[in-house]
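Written out below as structure tokens is the structure these notes cover.
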Amino acid sequence: MASGNLRKVFAALALLAVAAACAWWLKPSRAIIRNVLLISIDTCRADHLSCYGYKDATTPNIDALAQSGILFENAISPVPLTLPAHSSMLTGTLPPYHGVHGNTGYRLDDSIACLPETLGVAGFATAAAVGAFVLDSRFGLEQGFEAYDDTFEDTLAGNLIVQRRGGETTDRALEWIERNKDERFFYFLHYYDPHHNYEAPEPFASRFASHPYAGEIAYTDDCIGRVIRKLKELDLYESTLIIVVGDHGEMLGEHGEHDHGYFIYQGAVRIPLIFRLPGGETPMRIPSLVGLVDIVPTVCSLLDVAPPPEVHGRDLSVYWKQGDARQPDRTMYCESFYPTSYGANPLVGVVSDRFKFIRTTRPELYDLVEDAAESDNLVPTEPGRAKTLSDELDAILERTLRDDSQQSKVAPDQDDVQRLQSLGYTGGHSFNDTFDFDPDKEDPKDNLGFHLLTQKVNLFLNAKDFDRARIHAAEMIRQKPDHVSGHKKMAIGLAEVEDYAQAIQFADKAARLDPGDALNFAFLGRLYDTVGETDRAIESYRQSLAIDPDNAAAHHELGRIHMIRKEFARAAECFRNVVRIQPDASRALSDLGNACRAQGKLDEAISHYERSLAIDPTAAFVHYNLGTALTATGRPETAISHFRLAIRHAPGHTGSYQNLVWLLATDTDAPFHDPAEAVRLAQKAIERTNHRGYELAALLAIAHAAAGDFPNAVEAAERAIAIAQQANDPAPLPGLKAKLELFKARKPYIPGPR
Ligand SMILES: [Zn+2]
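Numbering (the working numbering) for the sequence shown: 288 to 1041.
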């Protein structure tokens, strides 16, 4: 649309600018960069790629890129978590600036410039395909992408659709690239496979049976091979800048951590970074310290596009443009706020060419050259060096910590938390990301055991092994009786086995321990609702919404409870709140329609049903409700079409059959009066629906009589009477018997005025 046209205008301007500037890459030896393909491999330790020295051949395709490209041996991610790391990758800014420190409770703020926004303005078509829910567009990384593919059809985690295999993501990427091959494009391709669990498909599972993590990297490399073959096939390979990068590493048991996110040792923050330029470069291996934040300024420089105003990385092309690998010394920032979710201090550090300093309760200093395992803390013996790096850390924070960074904080919703938990993120408590350092708080190193215990409980909850989940949750409570996590996990484990009375006790304790967390109160509300204590459920939901007024699910649940209690005006208010937060919530619109209808506001109800159906035209029950409201407002003809649509989308929808038969058979003066059709529909309803009451037989009788077939009308009416008698239901008998007499006298049934 308009943005597309704008893009084309800018594209033309950009090409003119390029021609005028006679950029360096127009020299004969350099090929022009037409497209950019940024490939992010999640959870990818540099030392598991064969081009980085891994003992087995894991990455033949990436190796081939490196053989005609530039490989950075010492690249650092500022944060070992997917969403914050990708926020840095795509903005070129550090977490203190963009404000995304974790995977839950954050959304990259719109005010921050992302690479696709910059390149879109410069005329590039921009698109992405991501491999896991943690990068779902709802978390803000879709900014600037014209197409952002985050649908996960091929679920690997039961009913929670949270990730997809590299093969599927590759298919989506290749479809887009092929469709847009004539456009100048920026494509961001994210692979999630090396993230645990390590379950690569064959033949990689067998080939790497003894090291399944390496097998996942090998599988991802195979997917990248497909992408490269397609680029060659489309004749795009020699005009596309290809960047292969990891978002963070994986600890693989080092320092006691199995996966990533908690510590900031090298296993978690050192990443592969390879640039393959069109035309191929003289291959280079650059030992200097570089970072994830360098990608944005480097790409902008290579494309001769002005970078976003705030960028914390450097242009890496100087390494190969100037033919001189010697650059001024750097220090790279890194952080983990994960330990703050257990009440400990964060880990905030800097890495230099040789040393790493980590600020926390018991600070750490390592010589990365002499002590690659980071096991010999030099703070006691080299306090001067620790002080210098600590000052450097302060200087970085001084430069990058943004006043508005809290704008990237959002209240997570329960479904999001659950999906992220199924990906292994323990959550449980939000991060304290204020950067305030309190020397009295615990050291993360002393909280690793609690972290591992929390992970174990999540593992058992996800595996539906609730007995073991509760045993370990009890141990969490024993270790930290005043911390919310154990109580919360225990409540979840108890609710799963339907021990709601005990679950409520633990959930209540969790809510009192962490009164600022809206989800605790929402969970408590759900538990009270389940056991029928609706007063308390309403109170809990209201407490939750007082903390987070934008939790659509809580508004919806609350509305549902008010509906059941026949408090229709309050219910309507709740559903209106859902629609305010999620304008496309078709279910809430339909419920709002029901609440209005229950208050007699039929016209308003009809407009809500119509909006709901505009979003989801397949919802049979909404067609039915709309049909009923239209009938009541004297529009039976339109109602008939909606009853028919209800039956089309739900062939067993008894209520729609009943209303249809009634209208077609009894409204003798109406143009739609069609007794034969009424008979056919009543017979179909008896065949196809599970309805076993007398009503359908009675309707069939009425339809037969309307069609003048009195013998069959009598038979059907007698059957309806028999069904009601068998069900010991005396109420309808007088009416049914009166109709039977009518049909015996060969008279149709005409209802009185409504
Ligand atoms: Zn990641």
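C-beta atoms are modelled at their ideal positions from N, C-alpha and C, and glycine is treated no differently.
Predicted model, so just to flag it, every value in this text is computed and none were measured.
N-terminal and C-terminal residue of the beta strand (DSSP E) that residue i is part of
{"i": "G578", "result": "M571 to G578"}
{"i": "V531", "result": "T527 to G533"}
{"i": "P283", "result": "Any property of residue 283 remains undetermined from this structure, which presents the chain solely from 288 to 1041."}
{"i": "L325", "result": "N322 to I328"}
{"i": "Y341", "result": "Note, Y341: premise wrong, no beta strand (DSSP E); not H, not E."}
{"i": "S928", "result": "First-last for S928: P923 to H936, but that is the alpha helix (DSSP H), not the beta strand (DSSP E)."}
{"i": "S692", "result": "It is not in any beta strand (DSSP E) - S692 carries neither H nor E in the DSSP assignment."}
{"i": "C621", "result": "T618 to S623"}
{"i": "A359", "result": "Note that residue 359 is Phe in the sequence shown, not Ala. Unbroken beta strand (DSSP E) run through F359: I357 to I363."}
{"i": "L652", "result": "E651 to D654"}
C-beta contact flag for residue i and residue j at 8 Å
{"i": "I558", "j": "N348", "result": "no"}
{"i": "L461", "j": "K517", "result": "yes"}
{"i": "D581", "j": "R563", "result": "no"}
{"i": "S928", "j": "A906", "result": "no"}
{"i": "R649", "j": "K732", "result": "yes"}
{"i": "Y896", "j": "A926", "result": "no"}
{"i": "S623", "j": "P367", "result": "yes"}
{"i": "L370", "j": "H385", "result": "no"}
{"i": "L863", "j": "L879", "result": "It is worth fixing the name first, because residue 863 is Arg in this sequence and not Leu. Yes; because the gap between Cβ atoms is below 8 Å, this pair is in contact."}
{"i": "A790", "j": "L800", "result": "no"}
{"i": "A990", "j": "P1019", "result": "no"}
{"i": "Y629", "j": "F550", "result": "no"}
{"i": "V417", "j": "D437", "result": "yes"}
{"i": "F908", "j": "A882", "result": "no"}
{"i": "K775", "j": "N734", "result": "no"}
{"i": "D616", "j": "D654", "result": "no"}
{"i": "L576", "j": "G554", "result": "no"}
{"i": "L889", "j": "A859", "result": "no"}
Residue i beta carbon near ligand 1 (any heavy atom closer than 7 Å)
{"i": "D769", "result": "no"}
{"i": "H335", "result": "no"}
{"i": "A372", "result": "yes"}
{"i": "H535", "result": "yes"}
{"i": "D546", "result": "no"}
{"i": "H483", "result": "no"}
{"i": "T569", "result": "no"}
{"i": "T369", "result": "yes"}
{"i": "D329", "result": "yes"}
Limits of the alpha helix (DSSP H) - the one that residue i falls within
{"i": "L381", "result": "From DSSP, L381 is part of no alpha helix (DSSP H); its letter is neither H nor E."}
{"i": "N390", "result": "No alpha helix (DSSP H) contains N390, which DSSP labels as neither H nor E."}
{"i": "D903", "result": "Premise fails: D903 is in no alpha helix (DSSP H) and is neither H nor E."}
{"i": "N632", "result": "Premise fails: N632 is in no alpha helix (DSSP H) and is neither H nor E."}
{"i": "A350", "result": "The displayed chain sequence assigns Asp, not Ala, to residue 350. Residues P347 to Q354."}
{"i": "C401", "result": "Taken as a continuous stretch (DSSP letters only), C401 belongs to no alpha helix (DSSP H), as it is neither H nor E."}
{"i": "F644", "result": "No alpha helix (DSSP H) contains F644, which is instead part of the beta strand (DSSP E) from F642 to R646."}
{"i": "T585", "result": "I582 to L590"}
{"i": "A963", "result": "P962 to R975"}
{"i": "E1005", "result": "F997 to Q1013"}
{"i": "E1028", "result": "L1020 to K1031"}
{"i": "L950", "result": "T941 to T953"}
{"i": "N719", "result": "Where N719 is concerned, there is no enclosing alpha helix (DSSP H), given that its DSSP letter is neither H nor E."}
{"i": "A988", "result": "E982 to A993"}
Residue-chain proximity (residue i, chain D), Cβ-Cβ < 8 Å
{"i": "R884", "result": "Absent from the structure is chain D; it holds one protein chain and no more."}
Task: Segment contact flag, the segment 403-414 with the segment 423-431, C-beta cutoff 8 Å, min 3 pairs - done: yes
TODO: Could I get the ranges of all uninterrupted alpha helix (DSSP H) runs contained in the segment 801-839, with 4 residues as the minimum, in chain order?
DONE: Counting whole runs of 4 or more residues, the segment 801-839 contains the alpha helix (DSSP H) stretches 805-817 and 821-834.
Task: Three or more C-beta pairs below 8 Å linking the segment 587-600 and the segment 328-344 - done: no
Open item on the list: So within the segment 723-793, which uninterrupted alpha helix (DSSP H) runs reach at least 4 residues, ignoring any that extend past its ends?
Closed with: 731-749, 753-766 and 771-783
- [ ] Examine the Cβ distances between the segment 814-821 and the segment 829-841 and report whether three or more of them are shorter than 8 Å.
- [x] no
Open item on the list: Quick test of the definition: if touching needs 3 or more C-beta pairs under 8 Å, does the segment 542-549 touch the segment 566-575?
Closed with: no
Open item on the list: Count Cβ pairs between the segment 630-637 and the segment 744-761 that sit closer than 8 Å; are there 3 or more?
Closed with: The answer is no - the segment 744-761 does not touch the segment 630-637, with fewer than three Cβ pairs under 8 Å.
- [ ] Taking 8 Å as the threshold, find out whether the segment 1007-1015 comes into contact with the segment 978-994 through three or more Cβ pairs.
- [x] yes
Open item on the list: Just to confirm the assignment: which complete beta strand (DSSP E) runs, minimum length 3, are found wholly within the segment 467-552?
Closed with: 472-478 and 527-533
Open item on the list: Does the structure place the segment 994-1010 close enough to the segment 1025-1037 that three or more beta carbon pairs sit under 8 Å?
Closed with: Flag = yes, the segment 1025-1037 and the segment 994-1010 touch.
Task: Minimum length 4: unbroken alpha helix (DSSP H) runs contained in the segment 411-437 - done: none
Open item on the list: Measuring CB atoms only, is the segment 755-774 touching the segment 659-674, in the sense that at least three cross pairs come out at less than 8 Å?
Closed with: Contact fails between the segment 755-774 and the segment 659-674, because fewer than three Cβ pairs, one in each stretch, are under 8 Å apart.
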